[in-house]
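Take the sequence shown: its letters are residues 1 to 297, numbered as in full-length UniProt numbering.
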Amino acid sequence: MITRLPEDLLLEIIELLSFDIQTLRSCALMSYAWAQRCRPYIFREVNLGEKTNPEPRYRKLRDVLEKNSSFADYTHELCLYIGRVKPEAGASGDGFIDITDPGLPQFLGHFNQLEEVSISQSYDSRDARIPKTLVKPFMRVLGLETLRDVTLWDFMCLPISILDHAPYVTNLSLYAIDFDTWQDQDQTPPPAPSQTPNDPPLCHRAPISLTVKYCPPYIHEDLERLVREERGLFEYHWIEKLVLGPNCHDPNVDEIGFCSGLLKAVGRSQEGVDGETGLTQFTLQPSQGILLSQGDL
1 MITRLPEDLL LEIIELLSFD IQTLRSCALM SYAWAQRCRP YIFREVNLGE KTNPEPRYRK
61 LRDVLEKNSS FADYTHELCL YIGRVKPEAG ASGDGFIDIT DPGLPQFLGH FNQLEEVSIS
121 QSYDSRDARI PKTLVKPFMR VLGLETLRDV TLWDFMCLPI SILDHAPYVT NLSLYAIDFD
181 TWQDQDQTPP PAPSQTPNDP PLCHRAPISL TVKYCPPYIH EDLERLVREE RGLFEYHWIE
241 KLVLGPNCHD PNVDEIGFCS GLLKAVGRSQ EGVDGETGLT QFTLQPSQGI LLSQGDL
């Protein structure tokens with residue numbers, strides 16, 4: 001005799017299995033009721049990172065979302081490993097999601113409730129520019145009001161204006177990044193949000209944690225200019241926690257000197273409205289291995 005499980009017992013079982021996605025997928029096949037309650041856990045984290053063999057998994061998920069895009073509303077964490085397939089005969093992108101895939105912009109457009117995003121580019125593709133078809137989808141994702149945490153890896157030609165479209169982000173990590181300031185592909189002004197992440201009026205800037213590591217030292221000059229002029233991302237934020245780890249193998253380059261301008265700009269622009277305290281934590285990690293860390297500034 002088949003009986004229905006009480007609702008509270010069903011939810012408790014699913015909650016206990018929430019960390020075992022494979023089992024939840026099997027449970028979701030049992031009935032519509034199970035499927036409906038398992039989806040928030042199954043789709044909460046979409047991990048198409050480097051170690052997950054992302055390309056075939058991406059294609060399967062892309063096809064699923066094309067049939068029912070509402071599943072993406074359950075996703076709060078998105079991890080992508082992308083790259084550009086080389087034109088040589090026989091080259092393939094099995095190890096990453098092809099950045100030129102015509103379905104990728106639409107795929108990104110399905111996600112509206114993201115809280116955390118991590119996008120890495122393959123090392124061999126790091127010097128490739130982001131296709132024009134992907135610039136606006138990237139900006140749309142970074143501009144989601146739900147988004148708080150963003151990590152970007154191995155983009156040596158990242159349009160600097162992309163950061164203008166992330167006013168709600170409160171934790172930004174840039175690893176092995178260089179800005180494309182000369183041929184920035186964005187000509188669209190960022191949408192002005194009605195509120196900052198902590199929900200005061202727009203004139204009240206909100207705190208952000210910024211990490212910049214393994215990047216060419218001169219990227220700090222670009223960030224210095226944005227901080228000093230309170231443009232782009234720093235129109236909406238003041239830096240509360242700062243980690244700098246410049247990466248330069250030229251012994252004649254003063255890495256710490258490259259950081260000094262940014263630090264001065266941070267110091268001059270940090271005092272916001274209502275007596276905000278500004279920078280409270282600073283860590284400096286030059287490639288030579290010297291470590292300077294100062295908390296509770």
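Backbone N, C-alpha and C define an ideal beta-carbon position, used for all residues, glycine too. No experiment lies behind these values; they were computed from the predicted model shown.
*Take every Cβ of the segment 223-242, pair it with every Cβ of the segment 167-179, and state whether three or more of those distances are shorter than 8 Å.*
yes
_Less than 8 Å between the C-beta atoms of leucine 108 and threonine 146, yes or no?_
no
*Helix, strand or coil for lysine 132 per DSSP?*
helix
*Indicate the three-state DSSP secondary structure (helix, strand or coil) for leucine 226 in the structure shown.*
helix
_Going by DSSP in three states, histidine 76 sits in which element: helix, strand or coil?_
coil
_Going by C-alpha to C-alpha distance, which of Cys157, Asp73, Trp153 sits closest to leucine 172?_
Trp153
*Got a sec? Which residues, its chain only, sit under 6 Å from serine 122 by beta carbon, not counting five neighbours each side?*
Gly83, Phe96
*Integer-rounded CB distance, given that histidine 110 should sit under 8 Å from serine 69*: 5 Å
*Name the DSSP bridge partner or partners of tyrosine 175?*
Trp153, Lys213
*For the beta strand (DSSP E) that glycine 245 lies in, which residues bound it at each end?*
237-246
*Output yes or no for whether 8 Å exceeds the beta carbon distance between phenylalanine 282 and leucine 242.*
yes
*In angstroms with no decimal places, state the Cα-to-Cα distance between glutamate 50 and serine 118.*
11 Å
_Buried or exposed, going by whether 16 or more other CB atoms sit within 10 Å of the CB of alanine 33?_
exposed
*asked:* Taking the beta carbon of proline 56 as the centre, do at least 16 other beta carbons fall within 10 Å, making it buried, or is it exposed?
replied: exposed
*Are the beta-carbon atoms belonging to valine 135 and proline 102 less than 8 Å from one another?*
no
*Please determine, among Arg205, Glu116, Phe258, the residue with the shortest C-alpha to C-alpha distance to threonine 75.*
Glu116
_Tell me which residue opens and which closes the beta strand (DSSP E) that leucine 108 is part of._
Here leucine 108 belongs to no beta strand (DSSP E); instead the alpha helix (DSSP H) covers 104-109.
*asked:* For a quick check, are the C-beta atoms of isoleucine 42 and arginine 62 less than 8 Å apart?
replied: no
*In this structure, what does DSSP give as the bridge partners for proline 207?*
Trp238
*Could you tell me the boundaries of the alpha helix (DSSP H) in which glutamate 116 lies?*
It is not in any alpha helix (DSSP H) - glutamate 116 instead sits in the beta strand (DSSP E) that spans 116-121.
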